[in-house]
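In this text, residue positions in the sequence shown follow the numbering used here: the first is 16, and each later residue adds one. Just so it is clear, CB atoms sit at the ideal spot from N, CA and C, and this is done for glycine as well. What follows is a single structure, written as structure tokens, with notes after it.
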Amino acid sequence: MEKKAYLISERICEGSEKVSVSSGGYYRFILTKTGSFTCKYKEEQFRCGVHEFLMLKPGTSLVLSSTSGTFPLELLSIQLSDGLLEELSGEEMNFKEYFEALPSECISVTAENSLMMITKNLIVDLAKQENVPELGDSIYRFSLLSLIAVFLARAFRKMEKEGRREPEMKEMLLDSLMFYIKEHITEEIPLARLEREFNISQRHILREFKKGTGQTVHSYIIKTKLALCARYIAEGMPISDVYTKAGFGGYNHFFRAFKKEFQMTPGEYYQICCQERPDHKSKF
């Protein structure tokens, strides 16, 4: 049987139930939707709740013990294959090498609320696409997987060097930048605008954003805009409206960026979506 590129699973545990977890041949990331749990790997003891990411490298197994008391433990898991991580990588970031270089086979990190919420929502949205293909074919799923990989790398960046801790102000700056971009993604967001909004030099923004996310501000904005465009097209919006609504400066820029990202033109993608749409009815 061919190995899948990624797997998503959810588990609800009642009481003090114990759960055996294995990564198999994947990099597995476990997030807690509600409740908390403890686990032990070799000499390290972990306690994880809604603010922690737990990562298992390939070939790692352990047992989780729920500590939720009266609240059920709800777990959300995504497993990413070596091949998928390589496919999602580019000149600016090699995700497989990044996660492989982390100092342990099992790592828990505490993440900011905003980062955790965004990552959970992206994974849940990705899972929904499996059941509604007319809104989530391979192009859109690839966009979601790219963003998920970026946010997971963002969460674990503190572990690049053992014992390293980023200053709190840098954490707050990156969170603020990413949320500002998300809230204004349909607009033009030049560096000069970010400089004015945050009263920080463009050079400093570029350096800290690249260090924290593994990609440039421009690349992050374009990829986020393109993911939005893919969704608009899949929902049946005319291409002439898509690129303007997503905030691209002109059609030629949008066309080139879309083809480079998805290896097909917006028109070709629109035709694929039109062909599939009559055969399926969305549940949402």
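- Beta-bridge annotation (DSSP): Arg62 is paired with Thr53.
- Per DSSP, Met132 is not a residue of any beta strand (DSSP E); the alpha helix (DSSP H) it occupies stretches across Asn128 to Gln144.
- In the three-state reduction of the DSSP assignment, Thr47 falls in the strand class.
- Between the alpha carbons of Phe68 and Cys244 lies a gap of roughly 30 Å.
- In this structure, Ile196 keeps its C-beta atom at 8 Å or more from the C-beta atom of Gly262.
- When secondary structure is reduced to three states using DSSP, Glu223 falls in the helix class.
- Counting along the chain, Leu77 sits inside the beta strand (DSSP E) bounded by residues Ser76 to Ser81.
- Put simply, the backbone Cα of Ser51 is about 44 Å away from that of Met279.
- Note on Gly229: 16 or more other CB atoms within 10 angstroms of its CB, so buried under the neighbour-count rule.
- Under the three-state reduction of DSSP, Leu88 is assigned to strand.
- Fully contained in the stretch 91 to 125 are the following alpha helix (DSSP H) runs of length 4 or more, in chain order: 97 to 103 and 110 to 115.
- Secondary structure at Met70: strand, using DSSP grouped into helix, strand and coil.
- Less than 8 Å separates the beta-carbon of Gln94 from that of Leu22.
- With respect to the C-alpha of Ser24, the residue from Ser38, Gly105 and Gly282 having the closest C-alpha is Ser38.
- Taking the Cα positions, Gly40 is about 14 Å away from Phe114.
- Taken atom to atom, the span from the alpha-carbon of Leu241 to that of Pro281 is near 10 Å.
- DSSP, read as helix, strand or coil, puts Ser24 in strand.
- Lys33: member of the beta strand (DSSP E) spanning Lys33 to Ser37, first to last residue.
- In the three-state reduction of the DSSP assignment, Tyr235 falls in the helix class.
- Tyr42 is bridged by DSSP to Leu95.
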